[in-house]
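Remember, my numbering sits 16 above the position in the sequence shown when you count from 1. For glycine and all other residues, C-beta sits at the position ideal for the given N, C-alpha and C. As the structure is a computational prediction, the values presented were derived from the model and not from experiment. These notes are about the structure you will find just below.
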Amino acid sequence: MKTNGKKILLRIAIGFGYAIAVIIGYLALNSLLLQTAPSIGEHIINNPFVNAFIIGLAIFAFASGFLRETIFKYFAEGGMIFFMMGMAIYAIDGRSLGLTIQNIYVEADVSIILTLFLFAMIIDLARVILSALNYLAEKEEA
């Protein structure tokens, strides 16, 4: 596949657009949380686990945007899914969320929500595999 400089610059711009969209989405959600539930928003901002998760998602979003229209896009999407599954498994490991909301201490077990998220990621992984197989079949026909 022969690519020229303009096409590579366009792919880099699209990749950065995807990464910036992830970061803007995180900042917008966190801004809403800081207004509606300040203790939860502060907990998310100060949590290095969440920050590492967002940085990882931004990196994989850039890779997925940069490698679009190639088979490697599916590798990037699969890597992002495995990254998110690994973070969910790490977070499930006995994690509970304890926060003080309006002078009342609330502790929530988030393992059930994270387990459902993990199952959704398994379904998404199957979608990526089937999309990659479809891409290869279309390339073979052409």
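If you compare alpha carbons, which of the options is closest to residue i?
i: F91; options: A153, D125, A79, L45; result: A79
i: Y42; options: E123, G81, A74; result: A74
i: G95; options: N62, M137, I60; result: M137
i: A107; options: G57, L134, I139; result: L134
i: I128; options: A142, E156, D109; result: D109
i: E93; options: L45, N150, G81, N20; result: G81
i: F76; options: E154, R143, F99; result: F99
i: I56; options: E154, N150, A124; result: A124
From which residue to which residue does the beta strand (DSSP E) around residue i run?
i: E123; result: 120 to 125
If I follow the unbroken alpha helix (DSSP H) through residue i, where does it start and stop?
i: A37; result: 21 to 52
i: L73; result: 64 to 82
i: A158; result: Per DSSP, A158 belongs to no alpha helix (DSSP H) and is neither H nor E.
i: I105; result: 88 to 108
Quick one: grab the DSSP three-state call for residue i.
i: E85; result: coil
Quick check: the stretch 119 to 131 against the stretch 65 to 79, are at least 3 beta-carbon pairs closer than 8 Å?
no
Inter-stretch contact at 8 Å, needing at least 3 Cβ pairs: the stretch 82 to 89 / the stretch 43 to 59
no
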